[in-house]
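Peer 1:
2 protein chains.
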Amino acid sequence: MDTAAERIEFETLLLARHLTRPRRGDGDLDASAYLLLSRIDIDGPLSVGELREAFGLDTSTLSRQTTAMLKSGLVHRIPDPAGGLARKFRITADGKRRLDAERAGNVRGLETVLEGWTTDDRDAFANLLERFNLDIERRAGRPWPRPES
Amino acid sequence: MDTAAERIEFETLLLARHLTRPRRGDGDLDASAYLLLSRIDIDGPLSVGELREAFGLDTSTLSRQTTAMLKSGLVHRIPDPAGGLARKFRITADGKRRLDAERAGNVRGLETVLEGWTTDDRDAFANLLERFNLDIERRAGRPWPRPES
DNA sequence: CACAGCAGTTGCACAATACACATTGATTGC
DNA sequence: GCAATCAATGTGTATTGTGCAACTGCTGTG
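Here is the structure:
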């Protein structure tokens, strides 16, 4: 009774705590803004509806979160370039700067966790994590774009 | 600009969503009960204060969550065997049964995600995940016991 | 023009959590 | 042996993130 799947189930349970708990005002971006902005940065301008589709959150939630991002200057609202009815949110220069800063801070923290890891172990972990996520997304029918790698 | 740490940062961000979002009444245990029960199952009876230490949550939160578990028959309250003042929560036979059922359900779901994975990949992922968690816990000074492995 | 349909917004409700204060039960100085 | 105290827990209230449902506003169609 100690299959890899059981171990993975256990470890992902713990990881979920580690990943969600420490989000305590690290940077100036709250968790939702960081995630949304990261997606918009990769994908280009997105509407509330597209964000809803991407995140599986309610449109009302996304509406509030995007409004907050708008007020805080992370994005601006633009008409759909394709002529559609929806407005889209495009990342601002300031938003991009703050996103990159936030990410750099996260990566710095991660580096201290990975201190004793060899390059091979890091690469292997990154690869397996990516594959795991892709398989979850495939199973959920909600694929997530990766940065051009 | 594509270090392993950056990729891991990105993927853990996504994983956090995948891990927390789908907790939608899968089984009869809510997320907190599953987590607490899992810890109590491994560690043996724990008090509210010990759970607070373990999870980094407020005692008030733990007090409510343990009360709910008590009412739902997952644990019972026992005096501290060491004679201390605190009461401890011990898992009940029913709680153990329901915990195992919940875990089995989770593992089944995980199996479908891991469908195309070789045994070696699964083992490697489990090992790296465990190491990652241990390093996070070490860094946070809050180690988590593993099941006797 | 009136209306059907859709994207977005706003009004509630609820769950998880934290903070501050109340309660309870054991310990100890006198 | 009792009052002061303290440690562990519980309760009241606020905040935050979220969902559902009802509403708004806009667009294209008859």
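Line by line, the protein sequences give chains A and B. Just so we're aligned: the first sequence equals residues 1 to 149 in the UniProt record's numbering. Just so we're aligned: the second sequence equals residues 1 to 149 in the UniProt record's numbering. By construction, the Cβ of each residue, glycine as well, lies at the ideal position given by its N, Cα and C atoms. Since we're looking at a predicted model, the values are computed, not measured.
Where does Gly25 (chain B) land, buried or exposed, given buried means 16+ other C-beta within 10 angstroms?
Peer 2: Low confidence applies here, because Gly25 (chain B) scores a pLDDT of 49, under 50, leaving its location unreliable; read the following figure in that light. Its Cβ having fewer than 16 others within 10 Å, Gly25 (chain B) is exposed.
Peer 1: Quick one: is Gly25 (chain B) near chain A, going by C-beta distance under 8 Å?
Peer 2: Bear in mind that a pLDDT of 49 at Gly25 (chain B), under 50, signals an unreliable position, so the model cannot answer this.
Peer 1: For Asp120 (chain B), which of A:Asp123, A:Thr119, A:Leu128 and A:Arg122 has the nearest alpha-carbon?
Peer 2: Of A:Asp123, A:Thr119, A:Leu128 and A:Arg122, the residue nearest in Cα terms is A:Leu128.
Peer 1: Using CA coordinates, which residue listed in B:Thr92, B:Arg7 and B:Gly49 is at the minimum distance from His76 (chain B)?
Peer 2: Per the Cα distances, B:Thr92.
Peer 1: Quick one: is Gly56 (chain B) near chain A, going by C-beta distance under 8 Å?
Peer 2: Cβ-Cβ to chain A under 8 Å: yes for Gly56 (chain B).
Peer 1: Residue 150 (chain B): buried (16+ other C-beta within 10 angstroms of its C-beta) or exposed?
Peer 2: The question about residue 150 (chain B) has no answer, for chain B in this structure spans 1 to 149.
Peer 1: What residues from the region 98 to 112 of chain B come within 7 Å of chain A, judged by C-beta to C-beta, listed N to C?
Peer 2: Listed by position along the chain: Arg103, Asn106, Val107, Leu110, Glu111 and Thr112.
Peer 1: Quick one: which chain A residues come within Cβ less than 7 Å of Leu14 (chain B)?
Peer 2: Neighbours of Leu14 (chain B) on chain A, chain order: Asn133 and Trp144.
Peer 1: Applying a beta-carbon distance threshold of less than 8 Å, which residues of chain B neighbour Glu6 (chain A)?
Peer 2: Within 8 Å Cβ-Cβ: Arg103 and Val107.
Peer 1: Using three-state DSSP, classify Gly25 (chain B) as helix, strand or coil.
Peer 2: Confidence is the limiting factor: at Gly25 (chain B) the pLDDT is only 49, short of 50, which leaves the residue's position unreliable, though a coordinate-based value still follows. If DSSP states are grouped into helix, strand and coil, Gly25 (chain B) belongs with coil.
Peer 1: Rounded to whole angstroms, what's the CA-CA distance from Glu130 (chain A) to Gly116 (chain B)? Just pull it up for me.
Peer 2: In a straight line, the C-alpha of Glu130 (chain A) is about 14 Å away from that of Gly116 (chain B).
Peer 1: Flag this pair as yes or no: are the beta carbons of Val48 (chain B) and Ala5 (chain A) separated by less than 8 Å?
Peer 2: In this structure, Ala5 (chain A) does not lie closer than 8 Å to Val48 (chain B) by Cβ.
Peer 1: Under three-state DSSP, which class holds Ser47 (chain B)?
Peer 2: Ser47 (chain B): strand per DSSP, three-state reduction.
Peer 1: Within the UniProt domain "HTH marR-type" (1 to 134) of chain B, note down every full alpha helix (DSSP H) run reaching 4 residues or more, in order along the chain.
Peer 2: Taking only runs of at least 4 residues, the alpha helix (DSSP H) segments lying wholly in the UniProt domain "HTH marR-type" (1 to 134) of chain B are 4 to 20, 31 to 43, 48 to 55, 59 to 71 and 93 to 113.
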